[in-house]
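Presented below is the structure to which this report refers.
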Amino acid sequence: MRFVYIGLIVLITAIVLVFALQNVEAVTVRFLNVSLTMPRAVLLIGVYILGMLTGGLVVGFFKSLVRGAKRKQPGAPSGG
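This is the structure we're talking about:
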């Protein structure tokens, strides 16, 4: 099953890279008072990496919630 996940990650990453490399026009990104001009490919790859990081954090958070819920014994006082 691990190889399926690795294969999916490689496939999706390859698709994103091909899409990003075909879109090399310069774009301007504005946030608050900061304005930055960069190639669209750099922007897309950066957003993709941020998405992977935040997705991993969310998955890790929910895994820790599930582990914490499993540690509590049924019928025991919750303390809160």
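In our numbering, the protein residues as written are 473 to 552.
Built from N, CA and C at the ideal position, the CB exists for glycine as well.
Q: Please report the residue range of the beta strand (DSSP E) in which residue 556 lies.
A: Coverage of the chain is limited to positions 473 through 552, which leaves residue 556 absent and any answer about it impossible.
Q: Give every residue of the same chain whose Cβ lies closer than 6 Å to the Cβ of residue 537, excluding the five residues on either side of it in the sequence, and list them in chain order.
A: none
Q) What are the boundary residues of the beta strand (DSSP E) that residue 501 is part of? A) 498 to 503
Q) According to DSSP, what are the bridge partners of residue 508? A) 501
Q.
Within 10 Å of its beta-carbon, does residue 492 have 16 or more other beta-carbons around it, so buried, or fewer, so exposed?
A. Burial call: buried.
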